[in-house]
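Enquirer: Read in order, the letters of the first sequence correspond to residues 1 to 251 in the UniProt record's numbering.
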Amino acid sequence: MGRSPCCEKAHTNKGAWTKEEDDRLIAYIRAHGEGCWRSLPKAAGLLRCGKSCRLRWINYLRPDLKRGNFTEEEDELIIKLHSLLGNKWSLIAGRLPGRTDNEIKNYWNTHIRRKLLNRGIDPATHRPMNEAAAAAAQVEATTISFAAVKEEEKSTSGFSGKDTKIPVQEKCPDLNLELRISPPSHNQSEPLKSGGRVTICFSCSLGVQNSKECSCRNDSVGSSSSDSSATGYDFLGLNGVVLDYRSLEMK
DNA sequence: AAGTTCAACAACCGCGAGCGA
DNA sequence: TTCGCTCGCGGTTGTTGAACT
Numbered sequence: 001m002g003r004s005p006c007c008e009k010a011h012t013n014k015g016a017w018t019k020e021e022d023d024r025l026i027a028y029i030r031a032h033g034e035g036c037w038r039s040l041p042k043a044a045g046l047l048r049c050g051k052s053c054r055l056r057w058i059n060y061l062r063p064d065l066k067r068g069n070f071t072e073e074e075d076e077l078i079i080k081l082h083s084l085l086g087n088k089w090s091l092i093a094g095r096l097p098g099r100t101d102n103e104i105k106n107y108w109n110t111h112i113r114r115k116l117l118n119r120g121i122d123p124a125t126h127r128p129m130n131e132a133a134a135a136a137a138q139v140e141a142t143t144i145s146f147a148a149v150k151e152e153e154k155s156t157s158g159f160s161g162k163d164t165k166i167p168v169q170e171k172c173p174d175l176n177l178e179l180r181i182s183p184p185s186h187n188q189s190e191p192l193k194s195g196g197r198v199t200i201c202f203s204c205s206l207g208v209q210n211s212k213e214c215s216c217r218n219d220s221v222g223s224s225s226s227d228s229s230a231t232g233y234d235f236l237g238l239n240g241v242v243l244d245y246r247s248l249e250m251k
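(1) Hey, residue 79 and residue 93: beta-carbon distance below 7 Å or not?
(2) Once DSSP output is grouped into helix, strand and coil, what is the label at residue 123?
(3) Looking only at C-alpha atoms, which of 27, 101, 116 and 72 sits nearest to residue 83?
(4) Have a look at 31, 15 and 77 and flag the residue whose alpha-carbon is nearest the alpha-carbon of residue 48.
(5) Quick one: give me the first and last residue of the alpha helix (DSSP H) that residue 27 is part of.
(6) Which term fits residue 97, buried or exposed, when burial requires 16 or more other beta carbons within 10 angstroms of its beta carbon?
(7) Taking the DSSP output, what are the residues bridged to residue 128?
(8) Under 7 Å between the Cβ atoms of residue 33 and residue 41?
(9) Do you know how far the Cα of residue 22 is from the Cα of residue 192?
(10) Among the candidates 126, 52, 67 and 88, whose CA atom is the shortest distance from the CA of residue 99?
(11) Where do the N-terminal and C-terminal ends of the alpha helix (DSSP H) with residue 52 fall, by residue?
(12) Are there 16 or more other CB atoms within 10 angstroms of the CB of residue 295, so buried, or fewer, so exposed?
(13) Which residues in the same chain as residue 45 place their Cβ atom closer than 7 Å to its Cβ, once the five residues preceding and following it in sequence are excluded?
(14) Compute the Euclidean distance between the alpha carbons of residue 91 and residue 31, then round it to the nearest angstrom.
(15) Thinking C-beta only, is residue 56 closer than 7 Å to residue 89?
(16) With residue 112 as the anchor, note down where its alpha helix (DSSP H) starts and where it stops.
(17) What does the alpha-carbon distance come out to for the pair residue 118 and residue 109?
(18) Nearest by alpha-carbon distance to residue 101: which of 127, 59, 39 and 28 is it?
(19) Less than 7 Å between the C-beta atoms of residue 107 and residue 70, yes or no?
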């Protein structure tokens, strides 16, 4: 069977959009608003599939788009967000007003990747290249160990396993059967309270409580609060700002 | 000037999630 | 509970223009 096509391919245009098509789409959305992409092309008199219309509108025609070069601040913010969120382009775009996920994705692949490589940083892991190379070499080696991963996990998540001797999976390194899914722990994610005001770090605000960037995790592992947690997160002037993960979804 | 390579970015494709019938 | 539809996301491809040989 397979899934049904999203549109009648035989009767739809593909490729670059013409000025007339753009105008039609803009006029229709101005009159009726966004949404119902499936029926939009027909209603707007466009020989395009709904998906194509949506993409064109979101990535190119939306009036609130900020066209033009990325600033240095945006660069650094993208790098920071990518280190926390990975390839969650839509979430990253949510923190960059006027930028689209597609735009950021393209920009990452063409500019920032190279920039990080030039800095000697592995764009995938955001760690120094030699370290990444060493890790890769370790994977290549016959004695496959998850110790490095566990070590990182331990240092980033506050996980304190009693047994430091971790069973080595030698047969199927690709299969990590130690997946753990657990609901958000209130103890773990409970925001720090400084001076009666609830503040959480930038990482936690993004829903990445276990990130190495987290500056408020120390309490959760029983240690005394650190300076950074006392002062709150100060990235790009976000110090003291209480961020809500849901605010990332700006659409 | 012509051909080739590379960078940038627009657009497409397939999949999964969410939702209502 | 299941099924089908729609939407949104992320990966990938295609196209275009600039730079280089």
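Built from N, CA and C at the ideal position, the CB exists for glycine as well.
Expert: Reading off the structure:
(1) Here residue 79 is taken as the residue at index 79 of the first sequence, counted from 1. Here residue 93 is taken as the residue at index 93 of the first sequence, counted from 1. In this structure, residue 93 does not lie closer than 7 Å to residue 79 by Cβ.
(2) Taking the first sequence and counting its residues from 1, one reaches residue 123 at position 123. In this structure, residue 123 counts as coil in the three-state DSSP scheme.
(3) On the first sequence, position 83 is the one that residue 83 refers to. That would be 116, whose Cα lies nearest to the Cα of residue 83.
(4) In the first sequence, counting from the first residue as 1, residue 48 sits at position 48. Answer by Cα proximity: 15.
(5) Locating residue 27 in the first sequence gives position 27, where the first residue counts as 1. Per DSSP, residue 27 belongs to the alpha helix (DSSP H) from 19-32.
(6) For the purposes of this step, residue 97 is identified with residue 97 of the first sequence, where counting begins at 1. The Cβ neighbour count for residue 97, taken over all protein chains shown within 10 Å, is under 16; the residue is labelled exposed.
(7) Against the first sequence, residue 128 aligns to sequence position 128. Note: residue 128 sits in a beta bridge opposite 121.
(8) Residue 33 sits at position 33 when you count from the first residue of the first sequence. Residue 41 sits at position 41 when you count from the first residue of the first sequence. It is not a contact, given that the beta carbons lie outside the stated cut-off.
(9) Counting from one through the first sequence, the residue named residue 192 turns up at place 192. Counting from one through the first sequence, the residue named residue 22 turns up at place 22. With a pLDDT of only 37 at residue 192, under 50, the local geometry of the prediction cannot be trusted, and no value is derived from it.
(10) The residue given as residue 99 occupies position 99 in the first sequence. Checking every option, the nearest Cα to that of residue 99 belongs to 67.
(11) Counting from one through the first sequence, the residue named residue 52 turns up at place 52. Per DSSP, residue 52 belongs to the alpha helix (DSSP H) from 50-56.
(12) Because the chain is modelled from 1 through 251, residue 295 falls outside the range shown and cannot be assessed.
(13) Here residue 45 refers to the residue found at position 45 of the first sequence. Closer than 7 Å at Cβ, skipping near neighbours: 24.
(14) The count along the first sequence starts at 1 and reaches residue 91 at position 91. The count along the first sequence starts at 1 and reaches residue 31 at position 31. Cα-Cα distance, rounded: 29 Å.
(15) Here residue 89 is taken as the residue at index 89 of the first sequence, counted from 1. Here residue 56 is taken as the residue at index 56 of the first sequence, counted from 1. No, they are not a contact pair.
(16) Walking along the first sequence from the start, residue 112 turns up at place 112. No alpha helix (DSSP H) holds residue 112; DSSP gives it neither H nor E.
(17) Here residue 118 is taken as the residue at index 118 of the first sequence, counted from 1. Here residue 109 is taken as the residue at index 109 of the first sequence, counted from 1. Taking the straight line joining both Cα atoms gives about 14 Å.
(18) One-based indexing of the first sequence puts residue 101 at position 101. Comparing Cα-Cα distances from residue 101 to each of 127, 59, 39 and 28, the minimum goes to 59.
(19) As a first step, residue 107 is located in the first sequence; it is residue number 107 there, counting from the start. As a first step, residue 70 is located in the first sequence; it is residue number 70 there, counting from the start. Contact flag set, yes.
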